[in-house]
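Engineer: Under full-length UniProt numbering, the first residue of the sequence shown is numbered 1, with each subsequent residue one higher. Note that the Cβ used here is the ideal one computed from N, Cα and C, for glycine as well. Have a look at this one before I ask anything.
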Amino acid sequence: MGRGARVEGEEHGRAGGAGRAVAAVAIGIAAAVPLYASALTEENLIYLEAWRAVYQAYYDGTYNGQNFLRLKERTLKEYKMQSREETYAAIESNLSTLGDPYTKLLDPSKFAFVTGSKKGGQSSGVGIEIAYPKDRSVEGLLVVNTQPGSPAERSGILPNQLLVQIDSSPTAGMSIYEAAGLLKGEKGTVVSVLVRDEKTSGVRTVELTRDALRRTNVGSKFCEAGEAGGEPSGYIRLSSFSDQTDLEVRKAVRDLKSQGSAEYFLDLRNNGGGSFDAGVNVARIFIDQGTIVNIADAKGIKDYYDAKNAAEDSSTPLTVLVNGGTASAAEVLSGALQDNKRAVLVGERTFGKGLIQTLVRLSDGSGVAVSVAKYQTPNEVDINKKGITPDVVVAAEGGGGLPGVGEGGGCEIVATVKERRGGS
Ligand SMILES: *[C@@H]1O[C@H](CO)[C@@H](O)[C@H](O)[C@H]1NC(C)=O
1 MGRGARVEGE EHGRAGGAGR AVAAVAIGIA AAVPLYASAL TEENLIYLEA
51 WRAVYQAYYD GTYNGQNFLR LKERTLKEYK MQSREETYAA IESNLSTLGD
101 PYTKLLDPSK FAFVTGSKKG GQSSGVGIEI AYPKDRSVEG LLVVNTQPGS
151 PAERSGILPN QLLVQIDSSP TAGMSIYEAA GLLKGEKGTV VSVLVRDEKT
201 SGVRTVELTR DALRRTNVGS KFCEAGEAGG EPSGYIRLSS FSDQTDLEVR
251 KAVRDLKSQG SAEYFLDLRN NGGGSFDAGV NVARIFIDQG TIVNIADAKG
301 IKDYYDAKNA AEDSSTPLTV LVNGGTASAA EVLSGALQDN KRAVLVGERT
351 FGKGLIQTLV RLSDGSGVAV SVAKYQTPNE VDINKKGITP DVVVAAEGGG
401 GLPGVGEGGG CEIVATVKER RGGS
């Protein structure tokens, strides 16, 4: 259990294939610059490309309650962009007015990493599973797990430490997919990470040589009656979502069922998301009919995803474990299971990332991630910045809470959850 999961290489909440609404707004970026083009410098044009990508596709038509056209006019008039750095600084500062940490500039190297990872050909990296820290004021990204035998594990990086910097990029405010993109790379290349241990306050720089990784983010364990504290049960740990995830979960459910599981426990703690489609597809493994998730873009175009009568098991009792690190696609799944009354959610309130991004390439090789749609749970609840409240609230790991992810194997977690949630 607790095999390090490959957030590496995943897109966090990508919009690829995320339905008609998103596809409709993601086109038409390269429109010509009219009339005053001659007065614009090359730098201005890059700024405009970025501005336009956001203007056309951003999910909030009020642009956070400001005149987004005026912002652009003013910046072009009052601010000389004399180098690419200054242009990027203008884009960054102007996009920050949206108050959306997921709509942002990616410089060319970041953009290449992130889009490269989308293709999914590579499976080499350092073996760190990352998530957002539960406490939002903490700067950096949380190490949830390291994959056994991976470069990260061999170098002594431990769960619950913080990843503060990757090469020269601080991780504060960085999305996990962006971080995953930076960690990923060709086998044999080196990435340097700055790691902080909250307990000891120790900080150290670790040089990791990337290596081939086994790609799976699903772990499962069958727990006999005795170890499961009651009826035999199946434990499934899902650390992130990538293209193959639903197939792996389907197989795990099938196996656990044939072994005689009377109920399932799906552990989504510290699952920071990944492929939006995979989140939807995992919901379809447990739900036969009904809405999985609703999405809406800036133009009010709404779309929804529904179950497809393709459930592997739509009736065996299901308990889902969530916490403050459960985000994005993992919240899509949790919301679908809760609103369809398919599962009981146990744990802490989830993170609250209800926005879906798409990536737009700019002509100099950089790009912008733009939040193009927001989603709502089947009951039309907007969870952005709010999260999902579990049916049974159980405080954080330790101090009388649940055993942590990967701690003592799945069965101890199952037995404790049965005890805490009451009943059976
Ligand atoms: C837009 O960017 C420019 C350049 O960094 C900056 O001077 C200006 O204040 C920004 N506008 C807003 C509203 O943040």
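1) Can you pull the DSSP bridge partners for Asp303?
2) Kindly indicate which three-state DSSP category Gly347 falls into: helix, strand or coil?
3) Under DSSP, the alpha helix (DSSP H) around Ala90 begins and ends at which residues?
4) Give, in chain order, every unbroken run of the alpha helix (DSSP H) that is at least 4 residues long and sits entirely within the UniProt domain "PDZ" (113 to 198).
5) With C-beta atoms as the reference, is Leu158 less than 8 Å away from Ile130?
6) Using a threshold of 7 Å, is the CB atom of Leu71 nearer than that to any non-hydrogen atom of ligand 1?
7) Are there three or more Cβ pairs, one per stretch, closer than 8 Å when the segment 377 to 389 is compared with the segment 352 to 359?
8) Report buried or exposed for Asn94, applying the criterion of at least 16 other Cβ atoms within 10 angstroms of its Cβ.
9) Ligand 1 and Asn67: does any heavy atom of the ligand fall closer than 7 Å to the residue's C-beta?
10) Would the segment 317 to 327 count as touching the segment 271 to 285 if we require 3 or more Cβ pairs under 8 Å?
11) Which full runs of the alpha helix (DSSP H) of 4+ residues lie inside the segment 204 to 248, going along the chain?
12) Do you know whose CA, among Gln244, Gly229, Val253, lies nearest Ile236's CA?
13) Looking at the unbroken alpha helix (DSSP H) that takes in Thr75, where does it start and where does it end?
14) Ordered along the chain, which non-local residues of its own chain (more than five positions away) have a Cβ less than 8 Å from that of Val368?
15) Can you tell which of Ser240, Asp297, Gln147 has the C-alpha that lies nearest to the C-alpha of Tyr59?
16) How big is the Cα-Cα spacing for Val33 and Ala311?
17) For the alpha helix (DSSP H) containing Ser371, name the first residue and the last one.
18) Just confirm the distance between the C-beta atoms of Leu208 and Val191, as a whole number of angstroms; I'd bet it's less than 8 Å.
19) Does at least one heavy atom of ligand 1 sit under 7 Å from the Cβ of Tyr79?
20) What are the residues that DSSP puts in a beta bridge with Phe265?
21) Check each candidate in Ala89, Thr205, Asp255 and name the one with the smallest Cα separation from Cys223.
22) At what residues does the beta strand (DSSP E) containing Gln357 begin and finish?
23) How many whole angstroms separate the CB atoms of Asp246 and Asn281, which I take to be in contact at a CB cut-off of 8 Å?
24) Gly260: buried (16+ other C-beta within 10 angstroms of its C-beta) or exposed?
25) Could you compute how far the alpha carbon of Ile176 sits from the alpha carbon of Tyr305?
26) Below 7 Å, is the gap between the Cβ of Thr75 and the nearest heavy atom of ligand 1?
27) Comparing the CB of Ala89 with every heavy atom of ligand 1, is any distance shorter than 7 Å?
28) Considering only heavy atoms of ligand 1, does any lie closer than 7 Å to the CB of Ser124?
29) CB Glu198 to CB Asn145, shorter than 8 Å?
30) Does the beta carbon of Thr41 fall short of 7 Å from some heavy atom of ligand 1?
31) Any heavy atom of ligand 3 closer than 7 Å to the CB of Thr358?
32) My output table needs one value for Gly279: the three-state DSSP class, helix, strand or coil.
33) Ordered along the chain, which non-local residues of its own chain (more than five positions away) have a Cβ less than 6 Å from that of Ala330?
34) Using only CA atoms, which one of Arg349, Thr377, Arg70 lies nearest to Ala395?
35) Can the beta-carbon of Ala278 be found closer than 8 Å to that of Ser242?
Structural biologist: According to the structure data:
1) Locating residue 303 in the sequence shown gives position 303, where the first residue counts as 1. DSSP, once it has assigned bridges, lists Ile295 as partnering Asp303.
2) As a position in the sequence shown, residue 347 is number 347, starting the count at 1. Reduced to three states, the DSSP call for Gly347 is strand.
3) Within the sequence shown, numbered from 1, the residue matching residue 90 stands at position 90. Looking at the DSSP string, the run of the alpha helix (DSSP H) that includes Ala90 is 84 to 95.
4) Secondary structure in the UniProt domain "PDZ" (113 to 198): the alpha helix (DSSP H) runs of 4 residues or longer, each lying completely within the stretch, are 151 to 154, 176 to 183 in chain order.
5) Taking the first residue of the sequence shown as position 1, residue 158 is located at position 158. Taking the first residue of the sequence shown as position 1, residue 130 is located at position 130. No.
6) As a first step, residue 71 must be located in the sequence shown, where it is residue number 71. Because some heavy atom of ligand 1 lies under 7 Å away, the Cβ of Leu71 counts as near it: yes.
7) yes
8) Position 94 of the sequence shown, counted from the first residue, corresponds to residue 94. When all chains shown are included, Asn94 counts as buried.
9) Along the sequence shown, one-based indexing puts residue 67 at 67. Outside the cutoff, so no.
10) yes
11) none
12) The residue given as residue 236 occupies position 236 in the sequence shown. The option with the nearest alpha carbon to Ile236 is Val253.
13) Numbered from its first residue, the sequence shown carries residue 75 at position 75. Per DSSP, Thr75 belongs to the alpha helix (DSSP H) from 68 to 78.
14) Translated into positions along the sequence shown, residue 368 becomes position 368. Contacts found: Ala50, Ala53, Val54, Ile91, Leu95, Thr103, Lys104, Leu105, Leu106, Leu359, Val360, Leu362.
15) As a first step, residue 59 must be located in the sequence shown, where it is residue number 59. Among Ser240, Asp297, Gln147, the Cα nearest to that of Tyr59 belongs to Asp297.
16) By one-based count along the sequence shown, residue 33 stands at place 33. By one-based count along the sequence shown, residue 311 stands at place 311. A caution first: Val33 carries a pLDDT of 48, below 50, which makes its placement in the model unreliable, though a value can still be read off. Their backbone Cα atoms lie some 50 Å apart in a straight line.
17) Your numbering for residue 371 matches position 371 in the sequence shown. Premise fails: Ser371 lies in the beta strand (DSSP E), 367 to 376, not in any alpha helix (DSSP H).
18) What you label residue 208 is simply residue 208 of the sequence shown in a count that begins at 1. What you label residue 191 is simply residue 191 of the sequence shown in a count that begins at 1. With a Cβ gap of about 5 Å, Leu208 and Val191 count as contacting.
19) The count along the sequence shown starts at 1 and reaches residue 79 at position 79. Flag set: Cβ of Tyr79 near ligand 1.
20) Your numbering for residue 265 matches position 265 in the sequence shown. According to DSSP, which records beta bridges pairwise, Phe265 is partnered with Tyr235, Thr319.
21) Here residue 223 refers to the residue found at position 223 of the sequence shown. If we check each option's Cα against that of Cys223, Asp255 comes out closest.
22) Against the sequence shown, residue 357 aligns to sequence position 357. From DSSP, the beta strand (DSSP E) with Gln357 extends over 355 to 361.
23) Counting from one through the sequence shown, the residue named residue 246 turns up at place 246. Counting from one through the sequence shown, the residue named residue 281 turns up at place 281. With 8 Å as the limit, Asp246 and Asn281 qualify as a contact, their Cβ atoms being about 4 Å apart.
24) Residue numbering aside, residue 260 sits at position 260 when the sequence shown is read from its first letter. Around the CB of Gly260, fewer than 16 other CB atoms lie within 10 Å, so the residue is classed as exposed.
25) As a first step, residue 176 is located in the sequence shown; it is residue number 176 there, counting from the start. As a first step, residue 305 is located in the sequence shown; it is residue number 305 there, counting from the start. Near 25 Å, if we compare the C-alpha coordinates of Tyr305 and Ile176.
26) Your numbering for residue 75 matches position 75 in the sequence shown. Yes, ligand 1 has a heavy atom inside 7 Å of this Cβ.
27) Within the sequence shown, the letter at position 89 stands for residue 89. Checking the Cβ of Ala89 against ligand 1 gives yes.
28) The count along the sequence shown starts at 1 and reaches residue 124 at position 124. For ligand 1, not one heavy atom lies less than 7 Å from the Cβ of Ser124.
29) Stepping through the sequence shown from its first residue, residue 198 is reached at position 198. Stepping through the sequence shown from its first residue, residue 145 is reached at position 145. Their beta carbons are not under 8 Å apart, which means Glu198 does not touch Asn145 by this criterion.
30) Walking along the sequence shown from the start, residue 41 turns up at place 41. No, ligand 1 has no heavy atom inside 7 Å of this Cβ.
31) Ligands present in the displayed structure are limited to ligand 1, and ligand 3 is not among them.
32) Position 279 of the sequence shown, counting from 1, holds the residue named residue 279. Helix at Gly279.
33) Here the question's residue 330 lines up with position 330 in the sequence shown. So the list reads Leu268, Asn271, Gly273, once near-sequence residues are dropped.
34) Along the sequence shown, read from residue 1 onward, the residue named residue 395 stands at position 395. Answer by Cα proximity: Arg349.
35) Position 278 of the sequence shown, counting from 1, holds the residue named residue 278. Position 242 of the sequence shown, counting from 1, holds the residue named residue 242. Taking a C-beta distance under 8 Å as the contact criterion, Ala278 and Ser242 qualify as a contact pair.
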